[in-house]
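Asker: These protein sequence lines map, in sequence, to chains A and B.
Everything in the first sequence is counted per the numbering used here, starting at 1 for the first residue and increasing by one.
Everything in the second sequence is counted per the numbering used here, starting at 1001 for the first residue and increasing by one.
By construction, the Cβ of each residue, glycine as well, lies at the ideal position given by its N, Cα and C atoms.
Predicted model only: the values in this text are computed from it and were never measured.
Got a structure for you, questions after.
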Amino acid sequence: KAGVTQTPRYLIKTRGQQVTLSCSPISGHRSVSWYQQTPGQGLQFLFEYFSETQRNKGNFPGRFSGRQFSNSRSEMNVSTLELGDSALYLCASSPDGSYNEQFFGPGTRLTVL
Amino acid sequence: DQQVKQNSPSLSVQEGRISILNCDYTNSMFDYFLWYKKYPAEGPTFLISISSIKDKNEDGRFTVFLNKSAKHLSLHIVPSQPGDSAVYFCAARPGGSQGNLIFGKGTKLSVKP
Chain A
1 KAGVTQTPRY LIKTRGQQVT LSCSPISGHR SVSWYQQTPG QGLQFLFEYF SETQRNKGNF
61 PGRFSGRQFS NSRSEMNVST LELGDSALYL CASSPDGSYN EQFFGPGTRL TVL
Chain B
1001 DQQVKQNSPS LSVQEGRISI LNCDYTNSMF DYFLWYKKYP AEGPTFLISI SSIKDKNEDG
1061 RFTVFLNKSA KHLSLHIVPS QPGDSAVYFC AARPGGSQGN LIFGKGTKLS VKP
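Have a look at this one:
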């Protein structure tokens, strides 16, 4: 079974731009969660999608948004990028949100200049 | 305000000895705790979990202990192996929540041959 894939793996943007990151979950998984990892804050939960609906949301500004498609693939969008948005963005998929069956992708490393 | 704290950023242990990684939390409503392992350039991998109704869970060389009165959990790895060298994240789930985990900042474990 193929694992969770994230594209692109690396991205460099400038302040004020917007970016879209993509996550393809494991086949059959309906839950996709997104996390931001920074050295200072560790992993922080962004949001979770289940069956195309946002089921849970973390404490991030509205510049961070996401969506999920009918094939469970998910995208995350960050608008008006700030320097502090530089981070590793991880997505995780699971059949229904169960943590012991949650698998993480390798992440997208976003650098904002 | 960090709800899940891993106060030791790093730990070095000799091969064959016990590794003990610690985690403290502040929210008594957490009902599920997990440990993840992360290698460089990879996403976190689920390692072991424990429900708040238990005080110990064991899986091979890995044992997690939960002390609810002290709001403290620990991960024991016995015996430690060089391949265990990684960053270990403690995570907790707010009660009744799906897809939302609160992570500590991680402890980097180095197991020396």
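1) DSSP has L43 of chain A in a bridge; who is on the other side?
2) Since Q36 of chain A contacts S79 of chain A with CB under 8 Å, what's their CB separation in whole angstroms?
3) Could you name the residues of the same chain whose beta carbon sits closer than 8 Å to that of P1082 of chain B, not counting the 5 residues immediately before and after it, in chain order?
4) Would you check if the distance between the CB atom of G58 of chain A and the CB atom of F45 of chain A is smaller than 8 Å?
5) Spell out whether any CB of chain A is found under 8 Å from the CB atom of E1042 of chain B.
6) For E48 of chain A, count neighbouring C-beta atoms within 10 Å of its own C-beta (all shown protein chains included) and say buried if the count is 16 or more, exposed if not.
7) Please report how far the alpha carbon of G42 of chain A lies from the alpha carbon of V1078 of chain B, in whole angstroms.
8) Three or more C-beta pairs closer than 8 Å, one from the stretch 1083-1093 of chain B and one from the stretch 103-112 of chain A: is that the case here?
9) Which chain B residues sit within Cβ distance under 8 Å of G145 of chain A?
10) Does DSSP classify L1034 of chain B as helix, strand or coil?
11) If you measure beta-carbon to beta-carbon, which residues of the stretch 1050-1077 of chain B are closer than 9 Å to chain A?
Answerer: Straight from the coordinates:
1) A:Q37
2) With 8 Å as the limit, Q36 of chain A and S79 of chain A do not qualify as a contact, their Cβ atoms being about 15 Å apart.
3) E1015, V1111, K1112 and P1113
4) yes
5) yes
6) buried
7) 26 Å
8) no
9) It is not possible to answer for residue 145 of chain A, since the shown part of chain A is limited to 1 through 113.
10) strand
11) none
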